[in-house]
Structure formats: C-alpha cells, structure tokens
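> Residue numbers (the working numbering), protein chains in the order written: chain E, 635 to 960; chain A, 13 to 322.
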Amino acid sequence: MIALIIRRSYQSIVVMLVVALLAFTMFRYVGDPVAMLVGQETSLEEREELRVKLGLHDPVPLQFARFVVNTAQGEFGISYQIGRPVAELLKERMPATLELAFLAAIFALVVALPMGVYSALYPQKWLSNIFLTVSLIGISLPTFLIGIMLILLFGVVLGWLPTFGRGEVVSFGNWTTGLLTTSGWQSIVMPAFTLGMYQLTLIMRLVRSEMLEVLLTDYIKFARARGLADNAVHFGHALKNTLIPVITITGLQLGQLIAFAIITETVFQWPGMGLMFIQAIGTVDIPIMSAYLILIAMFFVVINLVVDILYHVVDPRLRVETSKGH
Amino acid sequence: MPILARMQDNIARFFDGDIWYSFKQSKITVVAAIVTVVMILAAFFAPLLSLQNPFDPASLDLMDAFNPPVWGEDGSWRFPIGTDDQGRDLYSAILYGSRLSLLIGFASVIFAMALGVTLGLIAGYMGGAVDTVIMRIADVQISFPGILIALLIDGVARALLPGGRHDELVVYVLILAIGLSQWVNFARTVRGSTMVERNKEYVQAARVIGVSRPRIMVRHILRNVMGPVLVIATITLAVAILSEATLSFLGVGVPPTQPSLGTLIRIGQDFLFSGEWWIVIFPGAMLAILVLAVNLLGDWLRDVFDPKLR
C-alpha cells in the first residue's frame with residue numbers, strides 16, 4: 635500500500651515537472667517577457683536592467699529551477715494585461731469555478747444514478763429507451779448550445795432566471811460563495827445544469843452498462859436462487875458492486891468538469907478561472923495561461939492520485955495483485 | 013477488364029454480406045447515413061446551392077442586417093431563414109460554414125489518425141523503451157481533456173504568429189490543434205492489436221524470409237489492425253467537429269469574416285436578447301444534427317466491429 639502511494643506520487647511529480655517545463659517554455663520563449671512588461675518609452679538600459687533583475691541572462695536550467703520553486707510557492711508572475719499578480723487573480727476566481735463544478739457533479743450523479751439503474755433493470759420499457767435517446771442527444775449537443783438554449787428559454791422568453799454573472803455573493807475571508815443568497819442560487823441553476831449535462835449522460839451510460847454486466851454474474855443468480863426479494867438483489871447486491879467503477883469515473887470526471895467549465899463560464903459570463911483563461915488566450919496573456927495550465931494539471935494529478943489510491947482501498951482484488959508483484 | 017470484374021465481385025459480395033444486412037436492419041442508422049451524406053454533399057456543392065457568397069464582403073449589404081426568416085414580420089424569400097448582423101444570408105452562411113466545419117473536422121481526423129496509427133504501430137511492434145516513451149506521453153495526454161489541449165496549442169500559435177497571420181492560417185492551426193489532441197485513442201488501439209498480430213505466424217514467416225521491419229509494419233500488420241481504427245475515426249470525426257465549433261464559439265477559432273458553424277453561433281449569442289433568435293438557432297440545429305448523425309453512424313460501426321459491446 636505504502637509502496638503504491640510512493641510509486642504513484644513519484645509518477646505524479648514527473649508529470650507535474652513535464653507540465654511545468656511546458657509552461658516555462660511558453661513563459662520564456664513565446665514573446666519577450668520584458669517587452670510585455672514595459673511601455674514603449676522605456677529605454678534600452680532600463681530594459682537591460684529589468685532583464686538582469688528578472689534573471690533572464692542566467693543559464694536556462696537555473697531559470698527553470700527558479701520557475702519551479704516560485705510556482706511551488708504559488709507565485710506565477712504578473713499578468714501582462716491586468717498588471718496584478720496572477721496568483722491573486724486566480725485566488726479571487728477559484729471559488730466561482732469550484733462551486734460550479736461541484737454543484738454540476740452532484741447534480742449529474744444524483745440524476746444519472748436512478749436513470750442508469752432503471753434502464754438496466756428494465757431495458758425493454760419505453761422509459762429506458764427515452765433515457766437512452768436523451769443520453770445520445772446529450773452527447774451530441776455541444777455544451778454551449780445547451781447553455782444558449784437555456785438562456786433563450788428561461789432568460790429571454792420566460793424571464794425566470796438571470797442569464798449572466800453569479801448574483802449576490804457572500805465572502806468568508808478568501809472564499810466567496812453565492813450559495814447563501816437567493817440571487818446566487820438563481821444564477822447557478824442554468825450554468826450547473828449545462829455543465830452537468832454531459833457528465834450526466836456519461837455516468838448514466840456507465841451505470842447502465844456496469845449494472846447490466848453485474849446482473850449477469852453468478853452471485854446475482856445465487857442471490858435470486860436463495861429467494862431474496864428483488865429489491866434486496868438489485869440494490870443490496872447489484873448496485874453496490876456497480877458503484878465502485880462509477881465513483882472512480884465520477885471522481886476522474888471532476889477534473890474534466892473544471893476544464894469544461896471554460897465553455898460554460900463563457901456562455902454565462904460566470905466570473906471563474908475558465909473565463910479568465912479564455913480572455914488570456916485572446917490577449918496572449920502568457921502568465922495567466924501558464925498558471926492556469928499548471929493549476930489544472932495539478933487538479934488532474936491530485937484527483938488521479940486520490941482516485942487510484944481509493945480504488946485500491948475499495949477493491950480488494952487489486953491489493954492481491956500488487957502484493958503478488960512484490 | 014479483370015479489375016472491373018473483381019470490383020463488381022467485391023461490390024456484389026458487400027451487398028450480400030453481414031455489414032450491409034446489419035445496416036439495412038437498423039433504420040436509425042440508415043437515416044443517419046442519409047443525413048450525413050446529404051450534409052456532406054450540401055457542404056461540397058455550397059457555391060452552387062447558396063444564394064450569395066457569405067465570405068465575400070462585397071456581396072453583403074448592411075441594410076439587409078437582421079432580416080427575420082421568411083415567415084416572420086418583414087421576412088422575404090431573398091433570405092429564407094433570415095440574415096445575421098452583417099446582412100449575410102444565413103442559409104448561405106450555414107452552407108459555407110458547415111463546409112469549413114467538415115473540412116477542419118475531416119482534416120484533423122486524418123492528421124490524428126496518421127499520427128496515432130504510426131506511433132501505435134511503432135510502439136506495438138518495437139516494444140521496449142520506444143513503447144514506454146510513446147505510451148507514457150499518451151497516458152499523460154489522455155488524462156487531460158482534448159479541448160483543453162487544443163485550446164493551449166491554439167493559444168501558443170496565437171502568441172507565436174502576429175495578429176493578421178493567425179487569422180490567415182487559422183484553419184491549419186485548428187487542424188493541428190484538434191489533431192494533436194485526438195491521436196491518443198488511435199495509438200492505443202493500434203498498439204494493442206499490433207502486439208497481438210506481431211506474434212502471429214504470418215508475421216514470423218515474413219520476418220524469417222527477411223522482410224524489413226518498416227515493410228512488415230506497413231504491408232502486413234497495418235491492414236490487419238485497421239478495422240477498429242475506422243470506428244475510432246468516425247467517433248473522432250464527431251468530436252473534431254464539436255471541438256472546432258467549441259473553439260470558434262469561444263472566439264479562438266475561425267474569425268467572423270469567414271464564419272464556421274461555431275462562429276455563427278457566437279455571433280448570434282450577442283443578439284439573443286434583442287429577439288434575433290434565428291442567428292443562433294439555425295446554425296445550432298445544423299451542428300447538432302450533423303454531430304448526432306455522425307455519432308449514430310459511429311455507434312453502429314462499433315456494434316458491427318465489436319459485437320461484445322452490443
């Protein structure tokens with residue numbers, strides 16, 4: 635177990651270093667950092683001074699090492715466009731994105747689970763077919779189109795929900811939340827639904843296929859032969875064993891949600907990190923781009939690591955295999 | 013003549029075979045296939061079918077902007093489904109836009125396929141360190157969503173190319189970005205089947221008589237691992253079309269002067285609140301139907317090639 639954690643952490647660190655190298659290359663060689671920081675009228679001497687101060691004349695490995703150390707301490711440099719430290723900007727915007735992603739994940743899981751279970755238990759019923767059709771449409775409809783349709787229906791035609799922003803937010807120290815005000819909840823309904831929709835279809839299909847597979851196994855047949863009630867077989871035995879891969883995939887999808895939030899945030903002008911990243915690409919604001927890249931990579935790596943370890947805790951079969959390997 | 017005869021023979025065998033039978037049995041697949049073919053043809057013959065050239069600023073008149081569809085107030089048959097903010101006929105813009113979307117979609121799938129199949133073949137056949145390096149890169153890449161990778165590549169290209177050049181080259185940048193974000197699935201599948209094939213007798217025989225490595229890979233193994241690749245290519249086409257639309261919608265793809273479907277939707281979103289819904293709805297519907305049809309074809313192909321998944 636401990637060996638596994640160490641091995642996986644080591645892999646994670648290598649991945650993070652590769653991503654950091656990419657971000658560093660972007661930072662250092664795409665455009666001239668000095669020209670981006672100073673105005674037109676700065677003299678050559680002053681530029682040279684800044685160059686020395688920033689350490690751009692040092693050997694490249696040293697520069698990279700400094701970049702890694704700074705990044706590890708949460709220093710991502712200063713935004714070219716906004717002129718404020720990127721770390722500060724990210725900190726301001728992170729709560730909005732995380733709140734949206736978590737709510738979307740919960741929504742997707744809560745709705746998809748019953749749908750998937752139902753369509754696996756009663757594959758021939760018409761409702762199952764409707765679920766499957768809806769899931770195919772959900773996969774084919776681009777996120778932004780779903781968002782625009784919602785805005786058109788609930789924002790423009792019916793006028794029930796706000797179409798942009800977070801509404802009123804309450805702040806606790808570094809964290810801001812919209813979940814304590816009515817306007818905050820009204821604002822998050824459509825973005826969370828939009829963001830969760832794709833995950834919903836994915837989880838539903840997964841639950842359905844896993845459940846179908848489990849229902850064919852011997853222990854389910856034995857449970858039935860023992861005369862257990864249908865409910866006990868379905869939910870006590872089958873669903874329990876379906877949940878392990880479902881939870882794994884949902885966990886892994888959390889990273890996807892944060893990345894896909896870029897699109898949802900653009901549609902609803904949601905003031906999160908994704909919107910900032912898209913604006914940074916438009917204005918070639920490299921510090922924000924590379925900071926976002928590193929942050930997202932870190933989310934992914936940590937989520938993957940945690941899911942992997944949990945998987946070993948939950949599924950005893952894997953433990954046997956790894957201990958044999960040693 | 014023998015070539016013709018063989019072709020006839022092959023065609024006859026195809027219509028007699030399982031694939032054609034399974035295709036005929038699935039009505040929804042037939043509909044999806046017809047829709048896809050019609051859309052591809054419409055995009056191909058866009059210059060003949062359209063009422064104006066929406067990419068040519070000279071043919072546009074700002075006085076025509078925001079015309080509603082023909083059944084709306086002040087609608088006219090000159091613009092059957094209305095115009096956008098620059099007076100572009102939406103019907104023509106959608107034809108030209110889907111042409112661009114399909115072009116980028118197909119090209120990026122071909123690029124991803126070429127890259128993925130090559131790397132997968134090499135990794136699977138050579139094994140060892142080469143295999144480890146290629147598959148490690150694939151592992152790292154697949155844990156990030158494709159759209160994020162495409163966004164980053166596009167962002168870097170934007171930074172490297174000065175403003176005007178980027179808009180000129182944007183189609184190639186998009187093909188590169190989307191292609192690079194999608195090669196992993198091809199590589200993984202091909203690697204898996206190559207590792208199975210390379211130990212089979214026909215490969216050993218080829219090796220014994222001294223056929224060179226590249227030749228074995230290309231002439232012998234490649235044709236035996238292409239089946240699943242076709243399925244992945246179809247599914248990836250849907251993903252690629254969606255990625256292009258998404259990038260263009262986000263404002264980092266095709267510029268509004270030569271709109272693709274995604275760009276048209278982006279333009280339309282600004283006018284939702286003033287009641288010009290048609291600028292969004294028609295390109296959106298076109299995009300959704302196109303992706304749905306391709307997805308349905310992909311689903312069917314997967315069932316045909318891998319009955320286990322049914």
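Using N, Cα and C, we set each Cβ at its ideal position, and we do this for glycine too.
Because the structure is a prediction, the values reported are computed rather than measured.
For A/N236 and A/G204, what's the separation of their Cα atoms in angstroms?
Within the second sequence, the letter at position 224 stands for residue 236 of chain A. Within the second sequence, the letter at position 192 stands for residue 204 of chain A. Near 12 Å, if we compare the C-alpha coordinates of A/G204 and A/N236.
> Keeping to the same chain, check which residues put their C-beta closer than 8 Å to that of E/V720; ignore five residues upstream and five downstream.
Here the question's residue 720 of chain E lines up with position 86 in the first sequence. The answer, listed in chain order, is F710, G711, I712, S713, P921, I922, A925.
> Put E/I712 into one of helix, strand or coil per three-state DSSP.
The count along the first sequence starts at 1 and reaches residue 712 of chain E at position 78. The answer is strand: DSSP assigns E/I712 an E or B state.
> Considering only C-alpha positions, which residue in the set E/I782, E/M932, E/G772, E/R681 is nearest to E/V652?
As a first step, residue 652 of chain E must be located in the first sequence, where it is residue number 18. Nearest C-alpha to E/V652: E/M932.
> When DSSP labels each residue in this structure, what does A/S62 get in the three-state scheme?
Residue 62 of chain A sits at position 50 when you count from the first residue of the second sequence. Three-state DSSP puts A/S62 in coil, outside helix and strand.
> With distances taken Cα to Cα, identify the nearest neighbour of A/F285 among E/H691, E/E844, E/F798.
Within the second sequence, numbered from 1, the residue matching residue 285 of chain A stands at position 273. Comparing Cα positions, the closest option is E/F798.
> Give me, in chain order, the residues of the same chain whose beta-carbon lies closer than 6 Å to that of E/W819; leave out the 5 immediate sequence neighbours on both sides.
For the purposes of this step, residue 819 of chain E is taken as the residue at position 185 of the first sequence. Hits under 6 Å: none found.
> Evaluate contact between the segment 848 to 858 of chain E and the segment 906 to 920 of chain E, counting only Cβ atoms and requiring at least three cross-stretch pairs below 8 Å.
With a cut-off of 8 Å, the segment 906 to 920 of chain E and the segment 848 to 858 of chain E do not count as touching, because too few Cβ pairs lie within range.
> CA-CA distance, E/G959 and E/I639?
Within the first sequence, residue 959 of chain E is the residue found at index 325, counting from 1. Within the first sequence, residue 639 of chain E is the residue found at index 5, counting from 1. Low confidence applies here, because E/G959 scores a pLDDT of 40, under 50, leaving its location unreliable; read the following figure in that light. Answer to the nearest angstrom: the Cα atoms are 15 Å apart.
> Any residues in the segment 97 to 119 of chain A with a beta carbon nearer than 8 Å to a beta carbon of chain E? Which ones, in chain order?
Cβ contacts with chain E come from no residue of the segment 97 to 119 of chain A.
> Between the Cα of A/V129 and the Cα atoms of A/I146, A/G117, A/G140, which residue gives the shortest distance?
In the second sequence, the residue the question calls residue 129 of chain A occupies position 117. Looking at the Cα atoms, A/I146 is the closest of the given residues.
> Which residues mark the beginning and the end of the beta strand (DSSP E) in which A/V243 is found?
Taking the second sequence and counting its residues from 1, the one referred to as residue 243 of chain A is at position 231. A/V243 -> not in any beta strand (DSSP E); alpha helix (DSSP H) instead, spanning 234 to 262.
> Cutting at 8 Å between CB atoms, please list the residues of its own chain near E/Q697, excluding the five before and the five after it.
In the first sequence, the residue the question calls residue 697 of chain E occupies position 63. Counting only Cβ-Cβ distances below 8 Å, and skipping sequence neighbours, we find F658, R662, G689, L690.
> When the cut-off is 7 Å and only beta carbons count, does E/S713 lie next to chain A?
Taking the first residue of the first sequence as position 1, residue 713 of chain E is located at position 79. Closer than 7 Å: no.
> With DSSP as the reference, label A/S155 as helix, strand or coil.
For the purposes of this step, residue 155 of chain A is taken as the residue at position 143 of the second sequence. DSSP places A/S155 in coil when its eight states are reduced to three.
> Would you kindly work out how many angstroms separate the C-alpha atoms of A/W289 and E/I782, rounded to a whole number?
Against the second sequence, residue 289 of chain A aligns to sequence position 277. Against the first sequence, residue 782 of chain E aligns to sequence position 148. When rounded, the distance between both Cα atoms is 10 Å.
> Throw me the rounded Cβ distance for the E/A895 and E/T731 pair, which I believe falls under 8 Å.
Locating residue 895 of chain E in the first sequence gives position 261, where the first residue counts as 1. Locating residue 731 of chain E in the first sequence gives position 97, where the first residue counts as 1. With a Cβ gap of about 5 Å, E/A895 and E/T731 count as contacting.
> Going along chain C in order, which residues have a C-beta closer than 7 Å to the C-beta of A/A257?
The structure shown has no chain C; the protein chains it does contain are E and A.
> 7 Å is my cut-off, CB to CB: does A/R170 come that close to chain E?
Taking the second sequence and counting its residues from 1, the one referred to as residue 170 of chain A is at position 158. Yes, A/R170 lies at the interface with chain E (some Cβ there is under 7 Å from its Cβ).
> Please say whether E/P796 and E/S769 have beta carbons closer to each other than 7 Å?
As a working mapping, residue 769 of chain E is identified with position 135 in the first sequence. As a working mapping, residue 796 of chain E is identified with position 162 in the first sequence. No, Cβ-Cβ distance for E/S769 and E/P796 is not below 7 Å.
> Determine the contact status of A/V152 and A/D166, defining contact as a CB-CB distance below 7 Å.
Counting from 1 along the second sequence, the entry for residue 152 of chain A is found at position 140. Counting from 1 along the second sequence, the entry for residue 166 of chain A is found at position 154. Going by C-beta atoms, A/V152 is not nearer than 7 Å to A/D166.
> Hey, is A/Q281's beta-carbon within less than 7 Å of any beta-carbon in chain E?
Here residue 281 of chain A is taken as the residue at index 269 of the second sequence, counted from 1. Chain E contact via Cβ: present.
> Name the two residues that bound the continuous alpha helix (DSSP H) containing E/T816.
As a first step, residue 816 of chain E is located in the first sequence; it is residue number 182 there, counting from the start. It spans 816 to 849 - the alpha helix (DSSP H) in which E/T816 sits, taken as one unbroken run.
> Which partner residues does E/T810 have in the DSSP bridge list?
Taking the first residue of the first sequence as 1, we reach residue 810 of chain E at position 176. Paired residue(s): E/S805.
> On the three-state DSSP scale, how would you describe E/L891?
Your numbering for residue 891 of chain E matches position 257 in the first sequence. Of the three classes helix, strand and coil, the one that applies to E/L891 here is helix, per DSSP.
> What residue from E/M650, E/P825, E/E844, E/N763 has the CA that sits closest to E/I897's CA?
Residue 897 of chain E sits at position 263 when you count from the first residue of the first sequence. Nearest option by C-alpha distance: E/P825.
> Evaluate A/Y103 with the Cβ neighbour count: other Cβ atoms within 10 Å of its Cβ, from every protein chain shown; 16 or more gives buried, anything less gives exposed.
The residue labelled residue 103 of chain A in the question sits at position 91 within the second sequence. Buried, since its Cβ has 16 or more Cβ neighbours within 10 Å.
> Let me make sure I understand the geometry here. Which of A/G274, A/Q270, A/L304, A/R170 has the alpha-carbon closest to that of A/I247?
By 1-based counting over the second sequence, the position of residue 247 of chain A is 235. Residue A/L304 is the option with its Cα nearest to A/I247.
> Considering Cα atoms alone, identify which of E/L829, E/G830, E/H868 is closest to E/L846.
Counting from one through the first sequence, the residue named residue 846 of chain E turns up at place 212. Checked all of E/L829, E/G830, E/H868; the closest Cα to E/L846 is E/H868.
> Considering only their Cβ atoms, is the gap separating A/G280 from A/A292 smaller than 7 Å?
As a first step, residue 292 of chain A must be located in the second sequence, where it is residue number 280. As a first step, residue 280 of chain A must be located in the second sequence, where it is residue number 268. At residue 292 of chain A the sequence reads Val, which differs from the Ala that was named. Yes, Cβ-Cβ distance for A/V292 and A/G280 is below 7 Å.
> Among residues of its own chain, excluding the 5 on either side of E/L888, which ones have a beta-carbon nearer than 7 Å to its beta-carbon?
Taking the first residue of the first sequence as 1, we reach residue 888 of chain E at position 254. Excluding residues within five positions, the ones whose Cβ falls inside 7 Å are A735, A739, I937.
> Provide the residue(s) that pair with E/D942 in DSSP beta bridges, ordered along the chain.
Here residue 942 of chain E refers to the residue found at position 308 when the first sequence is read from its first residue. Answer is none; E/D942 lacks a bridge partner.
> Please report how far the alpha carbon of A/S62 lies from the alpha carbon of A/D97, in whole angstroms.
Working through the second sequence from its first residue, we reach residue 62 of chain A at position 50. Working through the second sequence from its first residue, we reach residue 97 of chain A at position 85. Cα to Cα, the separation comes out at about 18 Å.
> With a cut-off of 8 Å on the beta carbons, I'd call E/M838 and E/A699 a contact; round off their distance for me.
To locate residue 838 of chain E, count along the first sequence from 1; it is residue 204. To locate residue 699 of chain E, count along the first sequence from 1; it is residue 65. That pair is no contact at about 47 Å.
> Could you confirm whether any beta carbon from chain E is found closer than 7 Å to the beta carbon of A/R18?
For the purposes of this step, residue 18 of chain A is taken as residue 6 along the second sequence, with counting starting at 1. No, A/R18 does not count as interfacial toward chain E.
> Could you have a look at E/T676 and say whether DSSP puts it in helix, strand or coil?
On the first sequence, residue 676 of chain E is found 42 positions in, with the first residue counted as 1. Here E/T676 sits in coil by DSSP.
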